[in-house]
Each structure stands twice: as structure tokens, then as C-alpha cells.
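Peer 1: Residue numbers (this note's numbering), protein chains in the order written: chain B, 1043 to 1272; chain C, 17 to 467; chain Y, 741 to 907; chain P, 357 to 1078.
We put the beta carbon where it would ideally sit given N, CA and C, even for glycine.
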């Protein structure tokens, strides 16, 4: 049976520490754009932890929400791409083929979650920082759109390994970089087609909801509400 | 006798082709240098990367797309207006049709450039074209950008022919009036036109077929342009009204552009005798009509959003009308409605100058309108954490300026080599048999009295 | 080849000449009229009015319609890629392409037909006179039969021509 | 494979195949034979320990082959060697438990930092000018040996000072042994946010001079006094993991978190209840809670044992700390005190944690003791869901009280990964003192504010290139010792500092005998008693004899703040930032560009103001603000921060380095600079929260505040009329 990769984000566990953000940079060769570009709103964080203030001092609260590509089943970013650079794989992934991308940036406009990023310049890694680059992930050149891939390189590696070993993938065998580094275990990645996987179980939770659900994008990331104590 | 006027007419209209003043060369040199600067800037942008522009995350489209929509809008001057006027056979169209259609062709060429300029990797633009590539990947016909490609190429082909066919008899005229290399070139362009009744019939029926075919295409083009926005789930983009809204806006700005060009030609080519104030005033009336129509669309769009109170849309509404974009927004309202309306609705003010002033306002206003459609929405999508704003940077401004220069340049050259007023059509209107074209005749008369 | 013709100042004169020629037994297809603008309102301008242009244009449009309909399907099925939960062959978008191609078909058909049927894109015909550009109207007959020459000349003069010309 | 598969393949490879390097000059270089037989493209996983803080998280490092620029006998070229690619938490490790914090993730950039020191350096210019020339290791070591020999010859061995960052590794034991053998005083530890007060308090209350390990995972009610245990305090990764389990890991139970502080920390942001208090009164609230519990006979007074005995009036039921009294002192409503106290009992097991700002006042020891007493009263010490003390091995480095800095009499100073010039208030005149030291040698890998003063720099390996070990002081209930070998070969001509010390010891005229031959042996040698496992069940009787404890019970005394309230109306609260902690990671680009969790600021330093304060002073977000203390002024852009008391201004620590690589040098300002040299009355630890400041708008926004977020609220215009 084909896999359907999805994620569950337990906002009751998430502390907003930002480990996932750093882990994503480390895994996916995301360039640091530097202060000038960051000041122009060009910082690249495939995964960001949104924070929203609620109330005023002294009765003030903060809400954290990690937002990465929601890998929508009805992704608005896909059909608008004239070159099929953005399309749907049969494992439900929202593939972005960098070398097909001509940089219309239409997908980024169509994405309601603003999780797509654009290479405004050729990325720089002053030596020897380049030694850290992950050889499994392509380095994107100028003029290309990019976004969270659910660490597709890890998924394919594991699938190839399982295929070679003539075995089924175990739940939890594949972890995205963000999920792996999350100490509080707020991020859970897995196969939604496997009803017993952690991610399926969590996605069925009554606390679960999708981000901007009413837009009908059918995201594969489920957010489990933060609970409140009386 | 029709001899004298006929000759005078053709003499006047051929003068620009046959005599060249130093002013012409100066103008061409000036505009040419601006255009070259624009090209240089584009090269600079391609070499250094798109970061030299002001776009950022989340505002991935800005001035370039604004210009794209703006120029495509201007291009509606020619086709829609002349096609309609041809079909209703309004005589007063005759002096203005050709310069209108020329605007269409040139504005369209420039507009079609912008999708390329705004590509992240322009050197791969041909992946938009439906050709069997080595890996048999065709473009994605579900993408509005591909619709753009088809719509614009059809429209461009159509309008080039629509402009070109009626030029054949005039080329024949030039052929007969000139000698030497001019005779040879125009002889070639005339395609061996003589002027038998058969040819005239074929030409005229072809033109009416074209007029009927080009109208829906023109409308579809700007509808498709509006689809670029309304297909995306972006607050205040995702709107059913955008099709007609954009078409109306396009015709609106198109007429303004046409009006300015006509007035300019009239002044600089001394065509007072052929372009009468009434022609320009008629355009002015059309402009007034479109201004009202535009205001109506704006009202409908805004009211629906305001009343609907969908939080994301309200955020955009707020930032445009009360927030950082408010100055631009209210300038747009003044330029597109308040000013044209107050000038054009008063007969006293509806002079050529008045009309030109109003039109300039409309051009500014319509550019702003497109800018305000593109930018604030992108900056205020659903998740406020990702909100952002935008300032254009020199690169974008230079390229924008140079495209305006490019239009004027193309136009200057066009006027230099082609009779800007369709001579044979004027002649056809000159000695009508009483039974024919009452409308046209009356318009002419009206023009005379006012001139 | 040879031709006999005369230049006339206005439509009425030209009309008289044409009538004369007809009276002298010349068929419309032999008579050549050339004017610098369409001469609506004169009978002779109705010569060879019948045309298939409209039908041909529609045929062109139909061709474009069928062609593009096949094209969009073929390409979409050539590499069936899922995007945004849309069907592989998505008719709503395709209709836009099909519409544009239909119109393009019609336009091109029209223009081509015009060029062909109006006998354009060819060398200058023998029977022409630049004076036409001054607003005169040429009426004449190409390659008249020797026998008919007297009638021809009479007819042309009857139209009020000062002198006849030959080429 | 039909076309369909093919495009999918291109999709995958498109996202995962490496793009051909754009004009990479490496292609022209000579390729040397690989150092070792490595399988290209195959990843190996090797263990290591994150060095960035005392927590000692065990990590596994993904190692793969890569082309590394090297120089072989004078010839530049590339060689294929296996290098670290990515750090992950070690699932089996009791501290990291498979997770890692952002600083840990970024620690790999320490190794690959473009401005890392690659050779031993000798000062060539004036001191502090930052001009150095490369020397060979032999020269460098000889130089240092010479300096030490002269000391020895003059019989002045005590003038050798070893200044180090407090760490829980054997490296410190080696240093100690070396110094002892040489006849010099024991190594001195320095860190800006020192935890000495808490150690001392725990020694007094429980007989453990160390940091506690709160068992958050099994707790049903956690009340934290200023301790940002999810952000930077103590052992964040372990505490994050525990927090996750506390929230959703216990069947049918969701632990509650109450945070008591005057500036909302990352932990406060996650609290169910955030309780702002007047700075310097936290302990009063703790005793207020205890008062209610005692008054209602919910727990017996003697349950607190020694911890209670350390509080004045404990036996008498804390008459001075009635809820009403507490309300007047702390500003927390009496009703709320009552309720919280009852919840502490109802949601058993409950635990109180103290750390951070409360322990940075002039009366901070009192706060620590008060919270300890509360824990004792709750019976949470050594109980599941309470606090534990990780069995210890070996002594902690003695803390550095400010006085020695003034009269630091060292003639030879060794700096081991420590940056007091940045981390101490200007008023301490650390820089001036160090400039007077005749000879300074640094083992650091970077030129920072302090090592720029060094005469000699003997660059250490990065942690990935050397043997590492860690025996954390807290973070796990069981004793943990982690030892790991190098995961990759050194990139540069650096040397493991332990090896340098050992070589040094041998080369001296009067050699110092050390029990180890190599850094590897040092790391592997286990301290006596480290094997001792499982925490103690109850507080121990004997206080640690290291210091003479005055067992006289403490009572609340008003905290004193430097600067009078009239001229300096605001409490100044520097805090360890999530990205840079105490500033020691400010040179890592990933952390510079990581949006701050609460403000989303990147590459910046900023000052946080309560919205009302900002409105009153006409200060808008991004406007430049001058923060003036009696000891200096810093200028930073303002951030409107709702989670802050109106009479407090807060600033993140980390930016404002004068020297610290291309990424941190001259970026932002350092709030520590303007702190008053106030100290805790008893421990002498720096009271970094005891300074008052005044603030004034200094100018319009100049773009120095770089924010990632657009809006700070989810419905920015929620209730305004359209």
C-alpha cells in the first residue's frame, strides 16, 4: 500500500524553543542570508515557529505554532506552476523540482501559509562552512523557489533501504529533521495510511485541527490544540 | 471635385514619411538611450540575481506584474474601441483607428515582456511555450500563466494583422507617390494592391470578420490576466468580479492612452484638419463612461468585502484604505474618478486640454490601481506572522521608466514609416453618396462646426 | 499583353463607362475598375461581391477548436501529473486554451483567404495607373479582342474620358 | 519504467540530488590520496558530547566523506576525508534523550566556522589590537614553558592563574592536577549567569552544593520562580523532554505549570498561569505559599527539615508571610496566593524550581532558601515528581567572586574557553585588570573580547575533533558520564588542550608528574565514585564542608538596587537569550539568523518595553532607545513586549561583542556592560538583576532591528470597527 506521509504537531508539547528551525537549516542546506537580506524580509526558514500574543499585561499569554509546508492534498501552489516544478507525488508529497523551476513565484503567492521561499541570490557558504552541506539535498541556485520537503531525502533513503531488505517500513523509522531534534516530542512524523502509526493516532485526536482548514487545501499536518488548566 | 482634396489629404498625411527634421533624430536618440539603459538594468538584474529588486517574502510580485497588467490594459485602446466602432460603423473613428491599433500592438509587445523580466530564471522562459521538449514535458495548462501565453500570443497575432491589413492600400498609395528605394519597399509592402472593387470588398469583409473575432479575444486576454490573481486563494484576489473589473479597467486606461496619443499626434503632425476636436471629445465621453463604470466596479468590490467581513480580506481592505497604502489608494480614487468625472462631465471643461489632463490622471490612477491590487494582498495573507511590506528599488523603477520610453520610441518610428491616419478610409468617408453612412456624415458635420 | 483604359474623375463617370462597356457586350469579368478607395454607392462597385470568406473563417475557427481540443488532451495525458487535486484532463482550464486557438484559427483563415482571393502577394498587374492614387478611377479592359476595340473605345469615351490610354 | 515513474524520480532527485557546484575552484586543485579508506556517500554515525553548555547532551554525529582543502608539504589541494554533517540527540542518552536544542544543532558550525583559528598565534601588535602572527607549535609551547619556568625560578608559582568556563568534564580535573603539581591555585571558573547562589542554597538546605534536577516529567504541578528551564536554564533539553511528558505523556493527567517572574521567559510563555512579581520578592511568594499550607495544616512544618530550619520563623508558621503581607510585598493578590498554595497540595506531586533573575539580586540566597524550604514542605525532595540531586563525581570549580578580579595578581594567565571581558560588568574593570597581566595565553578557537588580549593563542581542537567527556551536575536522576572519541580528523593545525597541558607538564624545568599520557586517557579516566547511581531519598545531614555555612536562619530583606528610583525609574533585566545563552554562541550564523522565540528578532539586540511604558515615552517598535545606568549607557532598538511589567525593561544578552568573528563583531550592544557591580550579600555572586536604569527615546528606527514576524497578534485589529 502506498504511503501517505503526514505530521502531527502537539501544541501542548511545543515550547517554541526553535530547535526544529536550526535542525531544518542543518539538514536541508538552507542558506543564512545575513543581516542585510534578513532585514529586507528574505530570511529563509522552511519551518518557522509563529508566536502570537494574547491579552495584555498582566493577563498575557503567548501562543506558539510551528508552521512548515502543510503538504496539502489540494495544494493551491501546484496547479499554478506552468512547468510542473510543483506537483503532487503519489505518496502525497508536495514535490518541488528545483531544476524545473523558472521562478515565476506564482506558487508562493498561491500558498496561503507562506511557507515557500525564493533564492534571491546564489547562496554563499564561506569555507569551510560548506563542509557541513548535506550531500543528499541539492543546493538551490538563484531564482528558484524552495520549501519544506518533509525531508524527502530521508524518506527515499529509508524506502530504498527497506526495499533492499525486502521489509516493510516501521513506524517511526523515518523522522524528519525537525521531529528528530524536538526534545519535547511535539512533532510526530509518519504514514497516515497506517492506521496504527503514531501520527495517525494523533491526527484522530479530538484536539486535532488543520491550519486554515476552511480554505479546503486538505493539509496533511494536524495541529493538536494546547490545553488549558483551570 | 474630389481631385484637390484627395491630393491635399494624401500630401498632408504623407508629409511625415517624406520629410525628416533633426527633431526626429534627436527624439529617437533620446528615447533609444533610455531604452538601452532599461535593457542594461535588466541584464544587471539577471547577472546579480533577483535580489536587486525590492520584492521579498511574502511580496513576491510587485512593480513588474503591475506594469504587465498596466500595459496589457493600455493595449485595449486599439482593438476594443476600433473594433466596436468599425462594427457600428461610426464615421468619426476613421482618423483615430490606426493610431489606436498601433498603441495596441506596441503596448502588447511591451506588456508581454514583463512576464519574462519578472522570471527568477528568465533564460528558461521557453519552458512556458508548448513545444515537445527533449523529455516530452509540456507546459501545465492548468496554470493561468500558460493561459496568459496563449491569450497574449493570439491577441498579438490578431492585432498585428488587424493593424496591418488596412495599411496595404495606403502602402500602395505611398508606392505610387514615391520613387527609388521608398517605392521599392512600399511596393513590396503593398503586396501588389491595385484597388479593384473585388479587393475592396474582400478587404472590408475581412476587416469586419477580424473585428468580430478580435473583440472576444481582447476581452478574454484581460480576463485571463485577471485570472492570474483571482485563481489564487489570496485575500481580495480570489474574487469573481475580477474578470469584468479588469476588462473595464483596461478599456478605461486604454481610452486614456489613446486620447493622449491622438491629441499629441494632432499637435505635432499638424493633423488639426483630420482629427477634429469632436473626435477627442468623443473619446472624452467614452472615458467619462468608463470612469463611472470603474467607480461602480470599485464600489461593488469594496462593499462586498467590507460587508462580508472575512478577517483576512478586511485586513487587506484596512491596510489599503486606512493603513500604509492609504495615500496611494486615495490618489487612485481621485485620479480615476473624482478628477475625470468633474472635468469630463462639464461641457465647458471637456476641451482637448481638459480631456488630456483627465487622461493623464487616469493613467496614473490605473497604474496605482494595479499596484494596489498586487501588493497589499500579498503582504497581508492569512497568517499575520508572515505579513510584510514592500518598497520598489531603483532597478524596478528604471526598467519601468524605460518601457514608457520604449512605447514612445516604437510609436515615433511607426509614425515615421506609416501614414498614421488611414488615408483610404478617410477618402471613403469624404464623398459619400447621400444614402450612405448617415451617422458618419453627421459626425463629420458636427466636427466641422466645432473645429 | 495590352490593355485599353481611361481615367475618370469620379464615380458617376466611371459608372457611365462601365455601363457603356456592358452595353458594348463586355462581361463584368473582363472589365477592370480601379479606385483609390471603396466606391460604395456606385453600382460597379458591386462587381464580384460574392465571397466565401465568412464560411472559410468559420471553418478555420472549427479547425482551431478541434486541433486544440486534441492538443490539450494529448499533452496532459502524455505525462499525467497530479496537481492540486485536479483531474489530469481538466476541462475548465482547457476551455480557455481551446477558445483562444479557435479564434486564432478563424483570424488566420480569414487573412490567408483574403490574400489569396484578393489576388495579393503577386507581381504588379499590367493594368494599373499611379494616377489612381490622385483619386482618379480607372476603367478599362485587359487584352481586348481586336474586333471589339472600336466598341470598347466608344464606350470608354461615352464615360467622358478625355483620352484613352494603352499599356 | 514508464514516463510517469520517471517524472516522479526527477521530482525526488530534483529535491535530493546535489546540484553541480557553480564554478567551484576545488575542481582545479590537486587531489591527494584519501587519509583513510572511506566509502563515498555512505554515512556513519559516531557519538560525541555537545560542548556548548554544562548540560552535557550526548549527541550522535552523521559523518560522511567530503573534499577538504588542505596543504600537504606546501602544496594546496583537496583530500577526501570523513567530516561531520549533522548532530542529533542520542536516543539512549539520559540527558538529551534523542533531542537537541537549537544551540546544540548549531554547535557543528563551531568546527566549520570560517574565522576559526587554524594555527598557534603570537601577538605581533599592541595588546588588544588583534594583530597576531602564526607560529609553530614548538615555538608556542616553548614560549609558554619559558614563562612558567621563570615563575618557578622566582618561586612565584602562585602567580599562575587558570581561568576557565565551569564545565563538568575531566579536562578541568587535568588542569587542577597540573596547577596543583605546579604549585598554583586551583582553576577559577567564570560565567556571566553563575548558579553559585543556588548551589550554596542547596548546600545549606539539602547538603548538596550542586544544581537540582527537577523531575518535571512525573510532576503534576510545577511552579517555577524565574527559572527558564525550557530555554536556557540548567539542562534545557532534558527539561524540554520532561515538560513534553508532563503535558501529554502521563495517562489521564496533564501537569500544570505556573511561572513566577517579572519578564515573560520562554518557559513563562508556555505556563498555564503566569504570575508577575516585583523583582527581588520571589522568595516572599514562596514563603507565602508555605504560610498558607502551614496555616491550614495541609503539611506538617517539620516536613521541610533543614530546609525549613534555614528560614526565620518557619517553626512559628511564617507569621510574617501572610497572603495579605505577601500581596503588599510581591504584588500578587492574596486570593491567588491562597489558591496556588492549595493547588500545590491538591496536585501532588508538585515541585518548585528557582533560577535566573530571582538569584541575581542582593538578597538572592534568601529566595533560593525559601523555595528550597517550600520544596521540603511539599515533601518533593527526592520523591518522584520532585527534585533530585544527580550523584556527583569530583568538585565543581570554585566560583569567582568579584574581588579577586580587582586584585588578580596573576603574572601568567591561562584562558580556557572563557570570556570575562564580555561577561562581566564594565565596572569590574576586567579588561583593565587583564591588560596589566604580564603574560596571557588562550586555548580558545576564536578571537573574542578576552582572547584578543592574549600574547599567545594555542588553539584547541573543536569538540568533534577531540576526545570529549562530560559528567553533568544535573539534568538526570541517575549519574551520567559520557565519554566519546573524535568523530573526524582535525581540519587545522590545532591541538587538544589536554595534550598541550600534558606536554607542558613534561617540558617544564621542574616537570609536573601527571597520571595521564594523552587527552584520551584523561577523558577515559573515571572520577572516583562516579559509578554511584540513583539520587538520595532524603536530605542529608551534613553540609558540604567546602565553605563555612552560617546556619543562622534567613529572613526577607528588601533587595537593594543600584541607582535611585527617582533618577532611574526602571528595573533593568538582562536575560540569557535563547540563541546565544550568555553570548558564547553569538558567532554561529544559524543562531544569529534564528528568530528569537518571543520577539522573532534576528541578527539584532533590542530592548523590551511594556506597551504602556512605550506609549507613555512615545517610543514605537524599532525606535532607538538609550538605556542609562549609573555605570554607562547602551543604545538599542525598542521591541514592544506585552509580557513585561511596566516598571521593568529587559534586554537579551549575547550581542555586542567587540571581537568575535565576522558574524558577531560589533553587532548590537551588550547589556552586561552597564550593570552595577552589585553582588549577593552572602555568596558574593554577581547580582545582575539589581541595576536600575532610565530610558529615553534616542531616534527613529534605523533598521538595526531585524524582525522575522510581521504582526505580534493573530487578530491585529480584532475589535476595531471597520
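Determine which residues of the stretch 820-834 of chain Y have a Cβ less than 9 Å from any Cβ of chain B, and write them out in chain order.
Peer 2: Result list: 821, 822, 823, 824, 825, 826, 830, 833.
Peer 1: With which residues is residue 1233 of chain B paired in a DSSP beta bridge?
Peer 2: BP columns for residue 1233 of chain B point to B:1047.
Peer 1: Checking the sheet assignment: what are the DSSP bridge partners for residue 1131 of chain B?
Peer 2: Note: residue 1131 of chain B sits in no beta bridge, so no partner.
Peer 1: Which residues in chain C sit within 7 Å of residue 1188 of chain B, going by Cβ to Cβ distance?
Peer 2: Ordered by position in chain C, no residue passes the 7 Å Cβ test against residue 1188 of chain B, which lies about 11 Å from the chain.
Peer 1: Which two residues bound the contiguous beta strand (DSSP E) that contains residue 613 of chain P?
Peer 2: First-last of the beta strand (DSSP E) with residue 613 of chain P: 612-616.
Peer 1: Would residue 1007 of chain P pass as a contact of residue 1033 of chain P if the rule is Cβ separation under 9 Å?
Peer 2: Cβ atoms of residue 1007 of chain P and residue 1033 of chain P: not closer than 9 Å.
Peer 1: Name, going along the chain, the residues of the stretch 71-87 of chain C whose beta-carbon falls closer than 7 Å to a beta-carbon of chain E.
Peer 2: Here chain E cannot be found, since the structure's protein chains are B, C, Y and P.
Peer 1: With DSSP collapsed to three states, give me the class of residue 345 of chain C.
Peer 2: In the structure shown, residue 345 of chain C sits in a helix (DSSP, three-state: H, G or I).
Peer 1: For residue 401 of chain C, count neighbouring Cβ atoms within 10 angstroms of its own Cβ and tell me buried if that reaches 16, exposed if not.
Peer 2: By the neighbour-count rule (16 or more Cβ atoms within 10 Å), residue 401 of chain C is buried.
Peer 1: For residue 100 of chain C and chain Y, any beta-carbon pair shorter than 9 Å?
Peer 2: With 9 Å as the cut-off, residue 100 of chain C does not count as an interface residue toward chain Y.
Peer 1: Can you say whether residue 976 of chain P is buried or exposed, counting buried as having 16 or more other CB atoms within 10 angstroms of its CB?
Peer 2: When all chains shown are included, residue 976 of chain P counts as exposed.
Peer 1: Could you check how far apart the C-beta atoms of residue 1020 of chain P and residue 943 of chain P are, in whole angstroms? I think they sit under 8 Å.
Peer 2: Confirmed, Cβ separation roughly 5 Å.
Peer 1: For chain Y, check one thing: does any of its Cβ atoms lie closer than 9 Å to the Cβ of residue 1131 of chain B?
Peer 2: Chain Y contact via Cβ: present.
Peer 1: Within the 9 Å Cβ cut-off, does residue 377 of chain P reach chain B?
Peer 2: Confidence at residue 377 of chain P is low in this model, with a pLDDT of 40, below 50, so its placement is unreliable and the value that follows should be read with caution. So, interface residue.
Peer 1: At a CB-CB cut-off below 8 Å, which residues of chain C make contact with residue 1079 of chain B?
Peer 2: Within 8 Å Cβ-Cβ: 67.
Peer 1: Which residue's Cα is closest to the Cα of residue 521 of chain P: P:604, P:485, P:776, P:1012?
Peer 2: Minimum Cα distance to residue 521 of chain P is reached at P:776.
Peer 1: Quick one: does residue 161 of chain C have its CB under 9 Å from some CB of chain Y?
Peer 2: So, not an interface residue.
Peer 1: Taking only the alpha-carbon atoms, compute the straight-line gap between residue 1234 of chain B and residue 1011 of chain P and give it to the nearest angstrom.
Peer 2: Approximately 44 Å between the Cα atoms of the pair.
Peer 1: Would you mind working out which of B:1167, B:1148, B:1147, B:1178 sits nearest residue 396 of chain P, comparing C-alpha positions?
Peer 2: Per the Cα distances, B:1178.
Peer 1: Note down, in chain order, every chain Y residue with its Cβ under 7 Å from the Cβ of residue 1120 of chain B.
Peer 2: The contacting residues are 823, 824.
Peer 1: Report the start-end ranges of each beta strand (DSSP E) in the stretch 765-835 of chain P that is 3 residues or longer and not cut off at the edges.
Peer 2: You should have 768-772, 795-798, 824-826.
Peer 1: Looking at the structure shown, is residue 874 of chain P part of a helix, part of a strand, or coil, going by DSSP?
Peer 2: Of the three classes helix, strand and coil, the one that applies to residue 874 of chain P here is coil, per DSSP.
Peer 1: Taking residue 1265 of chain B and residue 1089 of chain B to be in contact with their CB atoms under 8 Å, please state how far apart those CB atoms are, rounded to whole angstroms.
Peer 2: About 14 Å; that fails the 8 Å criterion.
Peer 1: Could one say the Cβ of residue 1099 of chain B lies closer than 9 Å to chain P's Cβ atoms, at least one of them?
Peer 2: For residue 1099 of chain B, the answer is yes, since a Cβ of chain P falls inside 9 Å of its Cβ.
Peer 1: Report the option in C:283, C:243, C:367 whose CA atom is closest to the CA atom of residue 390 of chain C.
Peer 2: Selected option, being the one with the closest Cα: C:243.
Peer 1: With a threshold of 16 other CB atoms inside 10 Å of the CB of residue 1112 of chain B, please say whether the residue is buried or exposed.
Peer 2: That one is buried.
Peer 1: State yes or no: is the beta carbon of residue 1260 of chain B nearer than 9 Å to at least one beta carbon in chain Y?
Peer 2: Yes, because at least one Cβ of chain Y sits closer than 9 Å to the Cβ of residue 1260 of chain B.
Peer 1: Anyone know if the C-beta pair for residue 44 of chain C and residue 429 of chain C falls short of 9 Å?
Peer 2: Result yes, Cβ atoms of residue 44 of chain C and residue 429 of chain C sit closer than 9 Å.
Peer 1: Verify whether the separation of the beta carbon atoms of residue 77 of chain C and residue 426 of chain C is less than 9 Å.
Peer 2: Contact flag unset, no.
Peer 1: Which residue's Cα is closest to the Cα of residue 804 of chain Y: Y:764, Y:815, Y:841?
Peer 2: Selected option, being the one with the closest Cα: Y:841.
Peer 1: Cβ of residue 269 of chain C within 9 Å of Cβ of residue 95 of chain C?
Peer 2: Not in contact: residue 269 of chain C and residue 95 of chain C (Cβ atoms no closer than 9 Å).
Peer 1: May I have the straight-line CA-CA distance separating residue 776 of chain Y from residue 754 of chain Y, to the nearest angstrom?
Peer 2: Taking the straight line from one Cα to the other gives about 13 Å.
Peer 1: Three-state secondary structure (DSSP) at residue 447 of chain P?
Peer 2: In the structure shown, residue 447 of chain P sits in coil (DSSP, three-state: anything other than H, G, I, E or B).
Peer 1: Which class does residue 795 of chain Y belong to by DSSP, given the choice of helix, strand or coil?
Peer 2: In this structure, residue 795 of chain Y counts as helix in the three-state DSSP scheme.
Peer 1: Where does residue 258 of chain C sit, in a helix, a strand or coil, going by DSSP?
Peer 2: Helix at residue 258 of chain C.
Peer 1: Who are the neighbours of residue 136 of chain C on chain B, taking C-beta pairs under 8 Å?
Peer 2: The answer, in chain order, is 1143, 1144, 1145, 1146, 1147, 1160, 1161, 1184, 1185, 1186, 1187.
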